[in-house]
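Before any comments, here is the structure.
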Amino acid sequence: MTKAGDWLSVFPQEDARVAVDALRKVWAELTTLSPETFHADAKEPRLTELLCEHIRSVFKTRTRLTGQWSYERRIGKIKQRKSGGVEIADRRRTDIEYFSDRYDPALELVFEFKKINGKAARRNTYVGSDGMLRFVTGSYSIKQPLAVMVGIVTDKETACVQPLIDLLKTSESMAALQMKPAPSESLKIPSFVLPKIAQFDTEHQRAAELAAEHGTITIAHLFLGFPVATA
Numbered sequence: 000m001t002k003a004g005d006w007l008s009v010f011p012q013e014d015a016r017v018a019v020d021a022l023r024k025v026w027a028e029l030t031t032l033s034p035e036t037f038h039a040d041a042k043e044p045r046l047t048e049l050l051c052e053h054i055r056s057v058f059k060t061r062t063r064l065t066g067q068w069s070y071e072r073r074i075g076k077i078k079q080r081k082s083g084g085v086e087i088a089d090r091r092r093t094d095i096e097y098f099s100d101r102y103d104p105a106l107e108l109v110f111e112f113k114k115i116n117g118k119a120a121r122r123n124t125y126v127g128s129d130g131m132l133r134f135v136t137g138s139y140s141i142k143q144p145l146a147v148m149v150g151i152v153t154d155k156e157t158a159c160v161q162p163l164i165d166l167l168k169t170s171e172s173m174a175a176l177q178m179k180p181a182p183s184e185s186l187k188i189p190s191f192v193l194p195k196i197a198q199f200d201t202e203h204q205r206a207a208e209l210a211a212e213h214g215t216i217t218i219a220h221l222f223l224g225f226p227v228a229t230a
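Mind the numbering: the sequence shown is residues 0 to 230 in numbering that gives the first Met the number 0, read in order.
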């Protein structure tokens with residue numbers, strides 16, 4: 000079994016870095032090219048749809064990678080009905096996903112987007128069942144070692160990111176998110192897996208049926224915003 004600290008030696012880290020960096024750069028382009036539709040007040044699904052379509056249009060001409068981008072890919076679980084037969088339960092849609100079958104196992108890099116500001120309610124959503132927990136106890140990134148949380152910053156970044164880090168260091172959050180007891184072991188600042196791209200990483204234990212070979216998943220945390228209006 001691959002140890003948690005050794006997984007990067009067999010993971011296509013450079014391809015993941017190129018893909019995430021492309022997403023970051025395309026986001027910045029859209030904030031200046033299309034401010035009428037790509038702005039802080041737009042709904043998350045609209046932002047991710049525009050972002051993914053623009054990545055698709057430029058990705059292969061800008062990089063050497065041949066993987067595919069998708070958004071709102073449907074996933075679910077098959078559940079046995081008491082009356083007989085099966086049905087689909089726990090329906091979800093991933094925000095954006097980058098897929099490449101150049102590797103064994105294939106790379107399935109899922110991006111989950113959540114708006115975040117200086118309010119506690121937004122932070123709680125970011126870490127909760129509709130945010131980070133989808134990668135920890137939910138059905139996202141099954142048997143994948145890495146996923147990406149993208150915070151859509153709608154306030155000053157200092158008012159958004161540090162309070163989130165402080166929340167992730169609390170014993171309550173660490174227990175709910177299945178992180179190791181010591182923050183220094185499960186929260187890496189700056190990011191180790193995506194240096195100079197993501198701001199920090201968190202590592203989480205997963206159940207055997209959800210986990211990669213080494214039993215954990217690492218979430219890289221990336222924060223993207225919008226140009227600040229000037230008078």
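We put the CB at the ideal spot given by N, CA and C, even for glycine.
Pairwise C-alpha distance: residue j and residue i
i, j, result
"glutamate 28", "leucine 50", "10 Å"
"aspartate 107", "serine 190", "Contrary to the premise, residue 107 reads as glutamate rather than aspartate in this sequence. The alpha-carbon atoms of glutamate 107 and serine 190 are separated by roughly 20 Å."
"alanine 18", "lysine 118", "30 Å"
"lysine 114", "glycine 150", "6 Å"
"phenylalanine 37", "proline 226", "11 Å"
"aspartate 237", "leucine 64", "This structure cannot speak to residue 237, because the chain is shown only from 0 to 230."
"valine 126", "leucine 163", "9 Å"
"glutamate 202", "isoleucine 95", "21 Å"
"lysine 155", "aspartate 40", "15 Å"
"glutamate 71", "alanine 146", "16 Å"
"phenylalanine 134", "methionine 148", "9 Å"
"glutamine 143", "arginine 121", "26 Å"
"valine 192", "glutamate 35", "34 Å"
"leucine 161", "alanine 219", "This sequence places glutamine at residue 161; leucine is not what is there. Cα to Cα, the separation comes out at about 15 Å."
"proline 44", "alanine 210", "27 Å"
"arginine 16", "isoleucine 196", "8 Å"
"alanine 141", "threonine 124", "Reading the sequence as shown, one finds isoleucine at residue 141 and not alanine. Whole-angstrom Cα-Cα distance: 21 Å."
"glutamine 204", "aspartate 129", "18 Å"
"leucine 46", "leucine 223", "12 Å"
"tyrosine 97", "glycine 66", "7 Å"
"leucine 221", "asparagine 116", "14 Å"
"phenylalanine 58", "serine 99", "13 Å"
7 Å CB neighbourhood of residue i in its chain, flanking five on each side removed
i, result
"isoleucine 54", "Ala21, Leu22, Val25, Trp68"
"threonine 30", "Phe37, Phe225, Pro226"
"proline 11", "Tyr102, Leu106"
"lysine 187", "Phe199, Asp200"
"alanine 175", "none"
"threonine 62", "Val17, Ala21"
Classification of residue i by the beta-carbon crowding that lies within 10 angstroms, buried from 16 upward
i, result
"aspartate 165", "exposed"
"isoleucine 87", "Only weak support exists for where isoleucine 87 lies, its pLDDT of 48 falling under 50; the value from the coordinates is given anyway. Exposed, by the Cβ-count rule."
"threonine 217", "buried"
"proline 194", "exposed"
"threonine 157", "exposed"
"valine 9", "exposed"
"glutamate 111", "buried"
"threonine 215", "buried"
"valine 152", "buried"
"threonine 60", "exposed"
Residues near residue i in its chain [Cβ-Cβ closer than 8 Å; skip 5 each side]
i, result
"methionine 173", "Leu167, Lys179, Pro180, Pro182, Ser185"
"alanine 206", "Thr136"
"serine 33", "Leu49"
In DSSP terms, what residue i is bridged to
i, result
"glutamate 111", "Met148"
"lysine 187", "Asp200"
"threonine 31", "Partner(s): none; threonine 31 has no beta bridge."
"tyrosine 139", "Tyrosine 139 is not bridged to any residue."
"isoleucine 95", "Tyr70, Phe110"
"threonine 215", "Gln204"
"leucine 223", "Ile151"
is_contact[residue i, chain B] using C-beta, thresh 8 Å
i, result
"valine 57", "Judged by its chain identifiers, the structure shown contains no chain B, having just a single protein chain."
Cβ neighbours of residue i in the same chain (closer than 6 Å, five flanking residues each side left out)
i, result
"serine 170", "none"
"tryptophan 6", "Pro144, His213"
"glutamate 208", "none"
"glutamine 177", "Val135, His203, Gln204"
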